[in-house]
Amino acid sequence: MSSSRLDYSSLETSSKWKNLPPPPGFSKTTKQSSSSPKSIINSPRQQQLKQDRAWDLAIGPAKSLPMQSFMLYMSGGGVQIFSMGIVFMLLLSPFRNIAGMNNGAVAFSFEFGWVHVRVGAIMLLTRPFAPFAPVESKAPKSLSTLFLQKLVYIGCNLLTLGVGLWKCRSMGLLPTGTGDWLAFEQRGPPPELSLF
Numbered sequence: 001m002s003s004s005r006l007d008y009s010s011l012e013t014s015s016k017w018k019n020l021p022p023p024p025g026f027s028k029t030t031k032q033s034s035s036s037p038k039s040i041i042n043s044p045r046q047q048q049l050k051q052d053r054a055w056d057l058a059i060g061p062a063k064s065l066p067m068q069s070f071m072l073y074m075s076g077g078g079v080q081i082f083s084m085g086i087v088f089m090l091l092l093s094p095f096r097n098i099a100g101m102n103n104g105a106v107a108f109s110f111e112f113g114w115v116h117v118r119v120g121a122i123m124l125l126t127r128p129f130a131p132f133a134p135v136e137s138k139a140p141k142s143l144s145t146l147f148l149q150k151l152v153y154i155g156c157n158l159l160t161l162g163v164g165l166w167k168c169r170s171m172g173l174l175p176t177g178t179g180d181w182l183a184f185e186q187r188g189p190p191p192e193l194s195l196f
């Protein structure tokens, strides 16, 4: 095989290709945009889009509740490994989401002897509210930025936690009956001995 080099610059000067119109959407001249990138970011339309995306993120946990409820229904009422895995996921995800609400990806690592452990890899799945903060906010990761959306987000995650606790109660894993607390009950003296 011979290695040849194509010279595309010769096509510019060739009379054969010179008179062809440019393809649709292509222009050799660059248009000067009337608006700068800063003004596009600061536009009210862009700010409204950020607000809408923040609201979508805030009600995201509530949108997944029907699917999670169906999974709980299909897992059954017994204590099996599959149902325990689903319940564990329902109980863990609200805490993970609320903890990663402002900071996004956080990972902690520590060393114990020859073992290096990285904790917090699950935090990489969370999506922070910081990208949706208004441009004029000085601290986009603060709790006061997008306060209402964050409050709704916490409420939806607590709703998910409530569904998980309800499933634990229906499986008999929560101590809600009086029989669950018999070990801590103080008994009085037997009536046979109280006569003496």
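Residues 1 to 196 (UniProt numbering) make up the sequence shown, in order. Every residue, glycine too, gets a C-beta built ideally from N, C-alpha and C.
Taking a 10 Å sphere around the C-beta of residue 90, we find 16 or more other C-beta atoms and assign the residue as buried. Around the CB of residue 138, fewer than 16 other CB atoms lie within 10 Å, so the residue is classed as exposed. Taking every protein chain shown into account, the CB of residue 143 has fewer than 16 other CB atoms within 10 angstroms, so this residue is exposed. DSSP places residue 188 outside both helix and strand once states are collapsed to three, so it counts as coil. Under the 10 Å beta carbon count, residue 79 is surrounded by fewer than 16 other beta carbons and is classified as exposed.
When C-beta atoms of the segment 147–165 are compared with those of the segment 48–62, three or more pairs fall below 8 Å, so the two segments count as touching. Ranked by Cα distance from residue 71, the first of 86, 47, 81 is 86. About 17 Å separates the beta carbon of residue 174 from that of residue 94, a gap too long to meet the 8 Å contact definition. Per DSSP, residue 52 is one residue of the alpha helix (DSSP H) stretching across 44–58. Secondary structure at residue 89: helix, using DSSP grouped into helix, strand and coil. Ranked by Cα distance from residue 128, the first of 134, 51, 97, 155 is 97. One alpha carbon belongs to residue 75, the other to residue 176, and they sit about 22 Å apart.
For residue 183, the secondary structure class from DSSP, reduced to helix, strand or coil, is helix. Judged by beta-carbon spacing, residue 53 lies within the 7 Å limit of residue 132, meaning their Cβ atoms are closer than that value.
Residue burial annotation: residue 73 is exposed, with fewer than 16 other C-beta atoms found within 10 angstroms of its C-beta.
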